[in-house]
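In UniProt numbering, the protein residues as written are 1 to 532.
All C-beta atoms, glycine included, are put in the ideal place defined by N, C-alpha and C.
A short write-up of the structure that comes next.
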Amino acid sequence: MGLTRSIFGFASNGCSTARILSSSSSSSTLFNRFTRLSPPAHRCLPTPCRSPSFFIRQINMQAQSIAARLSSSGILQTKGLIGGNWTDAHDGKTFEVSNPATGEVIANIPCMGGKETNDAITSAYDAFNSWKKLTAADRSKRLRKWYDLIMAHKEELGQLITLEQGKPLKEAIGEVSYGAGFIEFAAEEAKRVYGDIIPSPLPDRRLFVLKQPVGVVGAITPWNFPLAMITRKVGPALACGCTVVIKPSELTPLTALAAAQLSLEAGIPPGVVNVVMGNASGIGEALLNSPKVRKITFTGSTAVGKKLMAGSAETVKKVSLELGGNAPCIVFDDADLEVALKGTLATKFRNSGQTCVCANRILVQEGIYSKFADSFLKAVQDMKVGEGFGEGVVQGPLINEAAVQKVETLIQDAVSKGAKVVLGGKRHSLGMTFYEPTVITDVKNEMRISTEEVFGPVAPLLKFKTEEEAIHMANDTNAGLAAYIFTTNVQRSWRVSEALEYGIVGVNEGLVSTEVQLLFSLLFVLVASKIV
């Protein structure tokens, strides 16, 4: 997405452009990543009676009240976690975490770096020796308790996500349930990390393989899903017997700290889960350089992912990367218009378009283009924009000013090359980083808005004639994360799914990354109803 501030900072725009696909198809692969084999309130038009300044004052009061409640409940933590101890930076430095809806500072957090990260690595390494020796059943019980605690605090965690990330509260609470699902799944699968018996070419021998934890895992996570991106990495790692050092985004560290607090309450021993944040390059270099860290798992920009992959080679670490997307959403003439409209809106505007699997390009066949565009425009026009705690709000602010500026740049480039803004296309009257939901027509596949990940509430509409043309347009990118198809022709659904060069293909479905049981980077087709 291009928000990378330094080599490891703001990694977490969720994405740029890259193709990271896995050939694995078994749910056990989720755990193989962490094991080694031994041996081998407000519509688009402003409400006239309230000014943005009044709106922000109201938010400030509400946000302060929520932050106070979270602090008194113990959910809001403002220090790093190393070896089970809440810790300041060694030099006392801090950085601010702000509410993107208002710019108001929520908390001052320790600005940690290489020293604190090395301390966390040592704690994780020491804890690994005992954690890996626990039975799978014991680890499973503790993970299950962690899941239960996350769900028991679902409302508070949702409020915290909205406070520091900005997404609507309903979405934030949904993320908590989604994120907790990774812990629940890992708790169950911890008991099923089986070995293998392999036939030997020699008559008097038997070969067997034991799966053992790799060791300390460095987990670098993004800001767009500040809980779920942690649990999907940490849950499987802990289930296998690994320990972790988490580096959350500097933009949303509070959710990570809250999750870590609940892990301690669940009986996960000190040192098994550690959290450091602050100096991104210092933290990243420490994770890469330490021979005690045996695996790096990262979600974020392609630029940072490349550096992590290269840096991991020095100590031969295992690496898992979830990088950028440029998802096409293809609507064929034979699509059920209502299903296509609902699915496209969901995949484009969830989290204000700040997801790496959201539709970046909406390709509509010419026979249905005008009808779809009219219905889509009306639906987007009715979207309520506002701060995440507002009733009925479906679009919150963008994460920061850099995100807004990128959206503006891409729209300006498209307009200069012949595209037309038919809705939105400018900052919202609410101010701050609110941006109007935007629809652009006459978009060409070679425009930057088609080739780069937008990461904002902007829907470019492109027209195509034939199935072959749609496939060519969809595959004309360096990204390969997710794609979407809307059609009522079952033969076409299979044919196009196989032709698309993407890791995830949703058929008549706009939400494809919510299936905990299906690994995110695998090639699968999510088939919904309306196929005839």
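Secondary structure of residue i, DSSP reduced to three states
| i | result |
| --- | --- |
| C242 | coil |
| G14 | Because the pLDDT of G14 is 35, which lies under 50, any placement of that residue in the model is unreliable, and the number read from its coordinates should be weighed accordingly. In this structure, G14 counts as coil in the three-state DSSP scheme. |
| G390 | coil |
| E265 | helix |
| S429 | coil |
| I399 | coil |
| A359 | strand |
| A260 | helix |
| E408 | helix |
| S98 | strand |
| W494 | helix |
| I109 | strand |
| V516 | coil |
| E104 | coil |
| S312 | helix |
| S249 | coil |
| T78 | coil |
| N85 | strand |
Proximal residues to residue i (C-beta, below 6 Å), its chain only, five neighbours per side dropped
| i | result |
| --- | --- |
| G166 | P100, A101, G388, G396 and P397 |
| A403 | none |
| S140 | A187, A190 and K191 |
| G282 | G113 and G114 |
| R232 | F182 |
When the options are compared against residue i, the one with the closest alpha-carbon
| i | options | result |
| --- | --- | --- |
| T78 | A259, L210, V209 and Y178 | A259 |
| A313 | G431, R142, L288 and A327 | L288 |
| residue 537 | M473, L308, G325 and F486 | With the chain running from 1 to 532 in the structure shown, residue 537 is simply not present. |
| K463 | D374, F486, V331 and G480 | V331 |
| P213 | L149, P203 and F128 | F128 |
| I471 | L500, I449, T252 and A482 | L500 |
| M447 | P457, T409, N400 and P270 | T409 |
| L257 | Q62, N478 and N85 | N85 |
| L169 | G390, G103 and T255 | G390 |
| D148 | E184, E156 and A303 | E184 |
| V276 | M229, A459, E116 and T221 | E116 |
| A327 | V357, A286, G367 and H90 | V357 |
| M229 | G215, I246, A152 and C240 | I246 |
| F486 | V364, F298 and V385 | V364 |
Where residue i falls, given that 16 or more other Cβ within 10 Å makes a residue buried
| i | result |
| --- | --- |
| Y194 | exposed |
| K378 | exposed |
| T355 | buried |
| N360 | buried |
| I198 | exposed |
| A280 | buried |
| R350 | buried |
| A68 | exposed |
Cβ shell of residue i (< 7 Å), same chain only, five flanking positions each side left out
| i | result |
| --- | --- |
| K426 | E436 |
| G267 | R142 and K145 |
| residue 535 | Here the chain has residues from 1 to 532 only, and residue 535 is not among them. |
| G158 | L169, A172, I173 and V176 |
Proximal residues to residue i (C-beta, below 8 Å), its chain only, five neighbours per side dropped
| i | result |
| --- | --- |
| residue 533 | Because the chain here runs from 1 to 532, residue 533 falls outside it and cannot be looked at. |
| L345 | F376, A379, V380 and G510 |
| F208 | G195, D196, I197 and I198 |
Contact test: residue i Cβ vs the ligand HEM heavy atom, cutoff 8 Å
| i | result |
| --- | --- |
| P236 | By its list of ligands, the structure shown contains no ligand whatsoever, and the ligand HEM lies outside what it can speak to. |
Write down every uninterrupted run of the alpha helix (DSSP H) in the region 431-489 whose length is 4 residues or greater and which is fully enclosed by it, in chain order. If only complete runs of 4 or more residues are kept, the region 431-489 shows the alpha helix (DSSP H) at 448-451 and 467-475, in order along the chain.
3-residue-minimum beta strand (DSSP E) runs that sit fully inside the region 132-210, ordered along the chain: Those beta strand (DSSP E) runs which fall completely within the region 132-210 and span 3+ residues are 196-198.
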